[in-house]
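Reviewing the structure listed below.
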Amino acid sequence: MKDFPQLKGFKGSPGLVRLIGHRGARGLMPENTIEGFEFTLDLGVTALEFDVLVSKDNVPVITHDYQLSGSSTRDYNGKWIGENGPKISELTLAQLKQFDVGGLDSSSICGANYPQQEFLSGIRIPKLSELLDLACLPKGQNLYLLMEIKSDGSLKVTKIVSQIVDEIRKRKLGNRTVLHSFDWELLKECQRLAPEIPRSFLSQLSDNCDETSDLASEDITPDFSSFKTSIPKAIANQEGQMWCPYFKDVTSEMVQEAHSLNLIVCTWTVNEIEDIENMIDAGVDGIITDYPNRAQKVLEIRGFNG
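Numbering (our numbering), first residue to last: 340 to 645.
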């Protein structure tokens, strides 16, 4: 198997479980914002998981939802947009930058789920280049990037991947980046266009779909029930390097199988202390969490590095 230096930022070892800040530190700071990423770096976390979409004028931006989220988006008057707004791909960067994404509507489900998240004002959806530039600064020199490329089926995958990879290559950050998606077909395009960057395969079994599910991803993720082999073997057959399953789908036996196939295993999104403990016991390489500070404390008590 090809040696990818990027993978050392995600690979665990005896006494070491990697911590990966989910959208920065979503439980504590506005998600997918430069302010949230800087906060997470200040905690000592050296890996970030975040989401990338492309604007109408072909600028890669960091945001999770395919549409402006009604629970986290205010207009230029500071008013909540209410229902989900237009698709990210239908707005130019200038239009996107008019909205404030610095807090959660406390009356929304997301607001109730993340009551500790700081409420800020004047926070904009960042360009991918803004985070990549942060990674080039001294404070970001040890930062690894787990970059989830979102696809909704209506956009040309080749164009999306090309635009994102171009931004990475401009800054020579391929050696600290892993490309990551629920869309396994998109990951094939990543391999074709950027063979020097490893790929992470996201999965969630239908049995464990709940309120944490990414509903928009259900249309593009594989039908795992149709697989004639295990998910780790399917990833290995596609020459993948990482498997990122939903934590409720994981057993220690599955982790062992993945490791036997030379796959790195990082689970999402692990927030409760008991679940963090279970993932440590299962032998995963890394834990993707909204609360990296909480996970740090668990690892410290257990005598692990993170």
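Glycine residues also receive a C-beta, built at the ideal position from the N, C-alpha and C atoms.
Report buried or exposed for T608, applying the criterion of at least 16 other Cβ atoms within 10 angstroms of its Cβ. buried
Between the CA atoms of R508 and E550 - distance to the nearest angstrom: Caution applies to E550, whose pLDDT of 47 falls short of 50 and renders its modelled position unreliable; the value that the coordinates give is listed next. Looking at the two C-alpha atoms, the distance is approximately 36 angstroms.
Within the present structure, is the beta-carbon of G363 separated from the nearest heavy atom of the ligand MN by less than 6 angstroms? The ligand content of the structure shown is nil, which means the ligand MN is not present either.
Beta-carbon contacts of Q437 that lie in its chain and below 8 angstroms, excluding the five residues immediately before and after: D414, Y415
Would you report the Cα separation of F376 and V400, rounded to the nearest angstrom? 14 angstroms
Please state whether DSSP places T560 in a helix, a strand or coil. coil
Own chain partners of Q406 with C-beta closer than 8 angstroms, once the 5 adjacent residues on each side are dropped: Its chain contains N423, G424, P425, K426, I427 as the residues whose beta carbon lies nearer than 8 angstroms to that of Q406, once the 5 sequence neighbours on both sides are disregarded; these appear in chain order.
For L512, which residues from the same chain have a beta carbon less than 8 angstroms from its beta carbon, with the 5 sequence-adjacent residues on both sides left out? L471, A474, C475, L484
Specify, as a first and last residue, the run of the beta strand (DSSP E) that V517 falls within. 516-520
Have a look at P631 and E374 and give me their C-alpha separation to the nearest angstrom. 15 angstroms
At the level of alpha carbons, what is the spacing between T431 and N397? 8 angstroms
Could you tell me which residues DSSP pairs with A364 in its beta bridges? According to DSSP, A364 bridges with nothing at all.
If you check the beta carbons only, do K489 and D390 fall under 7 angstroms apart? For K489 and D390, yes; Cβs fall inside 7 angstroms.
Give a yes or no on whether the C-beta atoms belonging to V623 and V637 are separated by under 7 angstroms. no
Just grab the DSSP bridge partners of L392 for me. According to DSSP, L392 bridges with V400.
For the alpha helix (DSSP H) holding E616, just list the boundary residues, first then last. 612-621
Could you tell me how far apart the beta carbons of G646 and D444 are, in whole angstroms, since I believe they sit closer than 8 angstroms? Missing from the structure shown is residue 646; the chain here goes from 340 to 645 and no further.
Please name the residue, chosen from C449, I574, A575, K498, that lies closest to E370 on a Cα-to-Cα basis. C449
Can you tell me whether Q456 is buried or exposed, with buried defined as 16 or more other CB within 10 angstroms of its CB? Buried.
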